[in-house]
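Taking mature numbering (1 follows the signal peptide of the UniProt record, and there is no 0), I'd label the letters of the sequence shown as residues -18 to -1, 1 to 510.
By construction, the Cβ of each residue, glycine as well, lies at the ideal position given by its N, Cα and C atoms.
In what follows, a structure is listed as structure tokens, so that the remarks can point back to it.
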Amino acid sequence: MKKFLLANLLMISASAFAQTYCVPEFSSGCDGGDMIDSFTIPSAGFSHLDTGCSQGAYGDYTAQTITMNAGVNYAFSVVHDYSNQNVRIWIDFDNNGTFDDTAPELVAAASSIGPDDNSVTNGSISIPSTVTPGTYRMRVGDRYSSQPVPCNTAGYGEAHDYTVIIGAAPSCLAPGNVSSSTVTSNSASISWTASTSTVGTGYEYYYSTTNTAPASTTVATGSVGASSTSAQLSTLSSATTYYVWVRSACSATDKSAWSLGTSFTTECAVVVPTVTYTNNFSTFPGNCWEQASGGDSSTGPTDTDELWYSGDFLNSGDNAAKVNLYYTDNQAWLKTVPFNLSAGGYKVKFDYGVTEFLETTPSAMGSDDVVQFLVSGDGGSTWTVLQTWNAANAPSNTSTTYSYNLTSYTGANTVFAFYASDGTVNDPEDYEFFVDNFIVESASLATSEVSKAKEEIKAYPNPFTEVLNISKSDLVKSVSVSDVSGRLVKTIENPSSALHLGDLKQGLYFVTLNMKDGSKQMIKAIKK
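Structural data, given as structure tokens:
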């Protein structure tokens, strides 16, 4: 009896591909990068890597078997060597030798993201719950700029065929359509569609800052009851990308596979400049700074092109932000992190200058060129111009400091921006506008570089290694130490003359001395 059953199973498997399938063709081939270089289905444990461009742009890999289950969605990834790729996947569920280009045999369709040499298509394969368990043929098609078809004949691209074994649908199916909404700097809402299974216990969710899908043994981050299809995530980190998965708990012991994941990025936290905020552009463009393009000061940006870039200040100093003005109709925006200025009494300042392109020599500005420094009290919805530079007042090739008292700006979501436009006149000037050392600080803050207090405190040695000594420590109530991003890293109450700062990392710090008479002094100190 066992021999009879085995013989029948072998006959069924052998007959599954007895049909003659069309061989897809791509008239322009795949050696230009329009290929299926790697194909993976992580949750099915399948990985087919670094296959390159197949001869004739078609690879028969039916000797490789992929095992999946009915009623389950599987994330997949295809790596290419060129951008603008489109991937479709078909499974011949009726084993008639033809791939239907519609559901249910069309099980996946997705397009690539990423630059030319690192283009990736991520998508999901949906196996219908009604599929009869068995062995079938799968075709993966990739085509540049347009959609592939099962019996493709034209264009750039490639196709692979594989064998798939579909198992029975599990008793507990995962929920679907996981999504996020109402994302803030420290929270987000997630939701999903209910499982088609009977969910007796509820739903479990898992989130992480790494895009690694949880295993069946992974401990859930949280859970909700069976009647809920949403959850609130809190105490998240700002400006951070999170990945989320959800699964059904049909009972305490019967749980589904994890759903296809979703991701979201929390907003940037609003900076309260209780200590000096500084962006010296050592990392470009700076934490939570953004680039944009198009529009003007009346409309705000209208596109997302990035036209500012990093370079040495005035092409001779340290790191800075700069924009090249030469081509007409370019509008480049560089926007700051949002600030909460509700306490009032702040000022903003930065260094700026102009040189010829990639030179240190001075340059005029074009006849209709303009660079503006703007402020928005409503997070970027409307803008006010604080300063304009043009052909009449073009900056020199030496560093100049711009400073503006923000007395009239007390918004809790204040954003600054630099806007540069080359206008419509094709002027010959080819130059760069530089910005460096962007600072928001208390307008009354006295620094060792700006003014001398009645009782000026001296700090030494500077740079220091372990200890920074201060004179007249009896006049100092407390000391606040912040890094160049404005983040408070250390506070010392009732300090002695020796400030022990050996636990700080190497770098530049702002040491704010809060005096007993209510005044403040700030010293820039370098930890070796």
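Distances from the CA of S298 to each of L323, S381, D285 were compared; the closest alpha carbon is that of S381. Bridge pairing for I73: M120 [DSSP]. Taking a contact as a CB-CB distance under 8 Å, the pair F21 and V102 does not count as one, their CB atoms being some 11 Å apart.
DSSP places G15 in the coil class of the three-state scheme, outside both helix and strand. Runs of the beta strand (DSSP E) spanning 3 or more residues and lying entirely within the stretch 298 to 334 occur at 301 to 307, 313 to 317, in chain order. Where S128 is concerned, there is no enclosing beta strand (DSSP E), because DSSP gives it neither an H nor an E.
Annotation for V352: the continuous beta strand (DSSP E) segment containing it runs 352 to 358.
Under the three-state reduction of DSSP output, D287 falls in the coil class, being neither helix nor strand. By the neighbour-count definition (other C-beta atoms within 10 Å, threshold 16), R469 is an exposed residue. In the DSSP annotation of this structure, D98 is not part of any beta strand (DSSP E), being labelled neither H nor E. Beta bridge pairing from DSSP links H482 with V449. For V336 against A376, the beta-carbon gap comes to about 6 Å, under 8 Å, which counts as contact. In the DSSP annotation of this structure, the continuous segment of the beta strand (DSSP E) that includes S106 starts and ends at 102 to 108.
Looking at the backbone, the Cα of P130 and that of Y118 are separated by about 20 Å.
Collapsing the DSSP output to three states places L457 in a helix.
The three-state secondary structure of F28, taken from DSSP, is strand. In this structure A303 touches F266 by the C-beta definition: roughly 7 Å separates them, less than 8 Å. Between P86 and A92, the alpha-carbon positions lie close to 16 Å from each other.
Close CB contacts of I172 within its chain, under the 6 Å cut and outside five residues either way in sequence, are with S162, A213, V226 (chain order). Each of V254, T343, K329 was checked against the Cα of L296, and the nearest Cα belongs to T343. Contact annotation: D278 and S462 have beta-carbon atoms that are not nearer than 9 Å. Q369 sits in a strand when the DSSP states are folded into three classes. Judged by their CB atoms, V252 and V319 are nearer to each other than the 9 Å cut-off. Of the residues assessed, L340 falls on the exposed side of the cut-off, its CB having fewer than 16 other CB atoms within 10 angstroms.
Following the DSSP letters along the chain, one finds F400 inside the beta strand (DSSP E) bounded by residues 397 to 403. DSSP places M497 inside the beta strand (DSSP E), whose first and last residues are 489 to 497. Residue nearest to S501 within the set I474, F446, L486, E438 is E438 (criterion: CA-CA distance). The bridge partners DSSP lists for N51 are G149.
Taking the Cα positions, T392 is about 19 Å away from F420. Within the same chain, N301 come within 6 Å of S264 by CB-CB distance, once the 5 residues on both sides are set aside.
With contacts defined as CB atoms closer than 9 Å, L490 and Q503 fail to qualify as a contacting pair.
Within its own chain, the residues whose Cβ lies closer than 6 Å to the Cβ of I23, once the five positions on either side in sequence are excluded, are Y56, F58, listed in chain order. Rounded to the nearest whole angstrom, the CA to CA distance from A507 to A399 is 28 Å. Comparing C-alpha distances from N408 to each of G282, N193, N312 shows the shortest one belongs to N312.
When secondary structure is reduced to three states using DSSP, Q37 falls in the helix class. Annotation: N322 to Y259 spans about 12 Å, alpha carbon to alpha carbon.
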